[in-house]
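Undergrad: One structure coming up, written as C-alpha cells, with questions to follow.
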Amino acid sequence: MSKLAVYPGSFDPITLGHIDIIERSLEVFEHLQIVVVHNPGKQPFFTLPERVQMVTEALEERNLLRKVTVSSLDSGLLTKYAEELGANVIIKGFRTGVDIEYELPMARVNRDLTGIETVFLPSDPGNTHISSSLVKQVAALNGEIAKYVPASVIRGFKAKA
Ligand code: PNS
C-alpha cells in the first residue's frame, strides 16, 4: 500500500480546483507529492520555477506543507520519477467526461510502463468551470480571477505585468 501519492500537472497556474483535489487527496493518502511538469505539448505562460513557487505559497498559506511536498519535472517519464519517489499511485482530478477522455489513455500507459495506478477524484461540482486556461484568458483581459485562484497566483500575474 502506498502512503504517498503523486499529483502531477502543468499547474499553469494552480487553481482553487487543484487545491480542492489536493485537500481531498489528503483524506485518502498520508502524503502528497505535487509534481509540476513541463508538458512539451503546451506553451506555458509561467516558467516551471514560477509555477512551483505559486503552488508552494498557496499550500503554505493553507498550512499544508507538512503533508505536501512540491517538486518539478522538466523532462523524463513521470512513472520513472514516481518510482524513484517510492509512490505507486498517481492522483488526477476530473471535471467532466472530457477530462476522463484525455486522462484515460495516460492512466493506461502509465500503468503499462511501471504498474503505477491512477486514482481519479471527481472535482467538486462548484469547480467544474475552473481551468488554468480560462484563468489565463480572463487575467490577460484584466478580468477578476480571485474566485478561481489562490492569492499567490494573483501575485504571480501581477509580477508578470
Ligand atoms: O496539467 P496537464 O498538462 O494536463 O498534465 C499532463 C501531465 C504533465 C501530467 C502529463 O503530460 C505527464 O505526465 N507528462 C510527463 C511525461 C510523461 O510521463 N509522459 C507520458 C504520459 S502517459
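Going by the numbering used here, the sequence shown opens with residue 89, and the numbers climb by one from there.
Where a beta carbon is used, it is the ideal one built from N, C-alpha and C, also for glycine.
#1: Could you please give the first and the last residue of the uninterrupted alpha helix (DSSP H) stretch that includes Ile107?
#2: How many Å lie between Arg150 and Gly181 at the Cα?
#3: Curious, which full-length beta strand (DSSP E) runs of at least 3 residues does the segment 167-238 contain?
#4: The beta strand (DSSP E) that contains Val125, what's its start and end?
#5: Can you list, in chain order, the residues of its chain whose CB lies under 8 Å from that of Asn176, leaving out five sequence neighbours each side?
#6: Please go through the segment 138-166 and give each complete beta strand (DSSP E) segment of 3 or more residues, from N-terminal end onward.
#7: Measuring CA to CA, which of Glu232, Leu166, Leu165, Phe208 is closest to Arg183?
#8: Strictly under 7 Å for the Cβ-Cβ distance: is Phe99 near chain C by that measure?
#9: Excluding sequence positions up to five away, which residues of its chain have a Cβ less than 6 Å from the Cβ of Phe99?
#10: Tell me where the beta strand (DSSP E) around Ala249 begins and ends.
#11: By alpha-carbon positions, which one of Gln141, Asp162, Ile242, Gly164 ends up nearest to Leu153?
TA: Working from what's here:
#1: Within the sequence shown, numbered from 1, the residue matching residue 107 stands at position 19. 104-113 is the span of the alpha helix (DSSP H), which, as asked, contains Ile107.
#2: As a working note, residue 150 is residue 62 in the sequence shown. As a working note, residue 181 is residue 93 in the sequence shown. For Arg150 and Gly181, the distance between alpha carbons rounds to 20 Å.
#3: List check, beta strand (DSSP E) in window: 177-182, 205-210.
#4: Here residue 125 corresponds to residue number 37 of the sequence shown, with the count starting at 1. Residues 119-125.
#5: Indexing the sequence shown from 1 puts residue 176 at position 88. Result list for Asn176: Ser90, Ala170, Gly203, Ile204, Glu205, in chain order.
#6: 156-161
#7: Translated into positions along the sequence shown, residue 183 becomes position 95. When each option's Cα is compared against that of Arg183, the closest is Phe208.
#8: Here chain C cannot be found, since the structure has a single protein chain.
#9: Locating residue 99 in the sequence shown gives position 11, counting from the first residue. Closer than 6 Å at Cβ, skipping near neighbours: Val124, Arg139, Val143.
#10: Within the sequence shown, the letter at position 161 stands for residue 249. The continuous stretches of beta strand (DSSP E) do not include Ala249, and DSSP gives it neither H nor E.
#11: Taking the first residue of the sequence shown as position 1, residue 153 is located at position 65. Closest option to Leu153, Cα to Cα, is Gln141.
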